[in-house]
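Q: Residue numbers (the numbering used here): 4 to 249. Okay, handing you the structure first.
Shown next as structure tokens:
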């Protein structure tokens with residue numbers, strides 16, 4: 004069951020589910036859970052390390068090593084309801100890990116037969132370079148990168164749902180309207196022609212997509228909270244909006 008606007012109760016979320024999976028004895032299950040967590044949220048940690056002054060290579064090593072270390076040492080077993088959001092918990096334990104890792108140890112791990120996770124660091128460095136601000140602290144950049152990652156996850160989830168419903172072409176033609184920078188008076192007629200809709204039908208379709216996006220975003224935020232409710236989701240959403248404004 005997914006959280007819906009206005010509900011005050013949410014069942015098990017990804018945050019809780021991942022913790023349960025990582026606590027299991029089954030190595031395959033644990034690695035699957037870690038791989039999903041890594042795929043969704045490695046970039047904010049990578050950006051944090053880069054902003055701290057680490058080289059691209061060192062930041063890659065830290066991100067790779069952190070998730071492998073997290074699995075091998077069961078660091079997620081330390082998580083409890085007092086640790087708040089997945090966003091703050093991951094940064095806290097990543098900082099602890101980074102402070103304990105020497106440059107020599109990272110160099111030894113690089114290419115040294117250790118398992119590597121399927122991370123696309125080329126994309127990460129491009130995002131980092133594009134979003135870098137001269138007066139931004141590592142913590143502020145981390146929060147902004149986290150918010151951007153959540154938006155990408157939300158958009159991908161919405162796209163998957165639309166394609167499953169047979170509206171993939173329509174979504175592709177209208178997806179630019181979901182951008183925070185999109186203006187209200189964009190050319191609905193041109194967008195509609197691209198997917199076989201009238202201008203008015205395109206406008207209505209965009210309105211529906213935006214509503215779905217907002218619901219999906221709240222679901223994604225709920226999935227990063229230990230015990231989500233409307234108030235906590237609103238609080239985290241507010242923090243992410245502040246982070247995106249920079």
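The beta-carbon is built from N, C-alpha and C at its ideal position, and this holds for glycine as well. Source: prediction; values computed, not measured.
Specify the secondary structure class of residue 157 as computed by DSSP and reduced to three states.
A: It is helical.
Q: If you compare alpha carbons, which of 141, 177 and 218 is closest to residue 98?
A: The shortest Cα separation from residue 98 among 141, 177 and 218 belongs to 141.
Q: Could you have a look at residue 91 and say whether DSSP puts it in helix, strand or coil?
A: Helix.
Q: What is the C-beta distance between residue 47 and residue 148, in whole angstroms, given that I count them as a contact (C-beta under 8 Å)?
A: That pair is a contact at about 4 Å.
Q: In its own chain, which residues sit with a C-beta less than 7 Å from the C-beta of residue 69, not counting the 5 before and 5 after it?
A: Taken in chain order, the residues that qualify are 48, 97 and 100.
Q: Starting from the C-beta of residue 52, find all residues in its chain whose C-beta is less than 6 Å away, skip the five residues before and the five after it, and write them out in chain order.
A: Closer than 6 Å at Cβ, skipping near neighbours: 62 and 65.
Q: Could you pull the start and end residues of the alpha helix (DSSP H) that residue 75 belongs to?
A: Looking at the DSSP string, the run of the alpha helix (DSSP H) that includes residue 75 is 59 to 75.
Q: Residues in its own chain within less than 7 Å of residue 150 by CB, not counting five upstream and five downstream?
A: For residue 150, where only same-chain residues beyond five positions count, the Cβ hits under 7 Å are 243, 246 and 247.
Q: Short check: CB of residue 208 to CB of residue 177, under 8 Å?
A: Yes. Within cutoff.
Q: Determine the direct distance from the alpha carbon of residue 161 to that of residue 219, and round the result to whole angstroms.
A: Distance between the alpha carbons of residue 219 and residue 161: 7 Å.
Q: Given a threshold of 16 other Cβ atoms within 10 Å of its Cβ, counted over all protein chains shown, does residue 116 qualify as buried or as exposed?
A: Unreliable placement is indicated for residue 116, whose pLDDT of 47 sits below 50; the coordinate value is still reported in the next sentence. By the neighbour-count rule (16 or more Cβ atoms within 10 Å), residue 116 is not buried but exposed.
Q: From residue 153 to residue 57, what distance separates their C-alpha atoms?
A: Roughly 24 Å between the two C-alpha positions.
Q: How about residue 216 and residue 181: are their beta carbons less than 8 Å apart?
A: Cβ distance < 8 Å, so residue 216 and residue 181 count as in contact.
Q: Which of the three DSSP states is assigned to residue 228 in this structure?
A: In this structure, residue 228 counts as strand in the three-state DSSP scheme.
Q: According to DSSP, is residue 245 part of a helix, a strand, or is it coil?
A: Residue 245 falls in the helix class under three-state DSSP.
Q: Among the candidates 190, 72 and 50, whose CA atom is the shortest distance from the CA of residue 103?
A: Minimum Cα distance to residue 103 is reached at 72.
Q: Run through the segment 188 to 214 for me and flag every whole alpha helix (DSSP H) of 4 or more residues, listed as ranges in chain order.
A: Listed in chain order, the complete alpha helix (DSSP H) runs (minimum 4 residues) inside the segment 188 to 214 are 191 to 197.
Q: If we ignore side chains and look at the alpha-carbon of each, how far apart do residue 230 and residue 212 end up?
A: Cα to Cα, residue 230 sits roughly 27 Å from residue 212.
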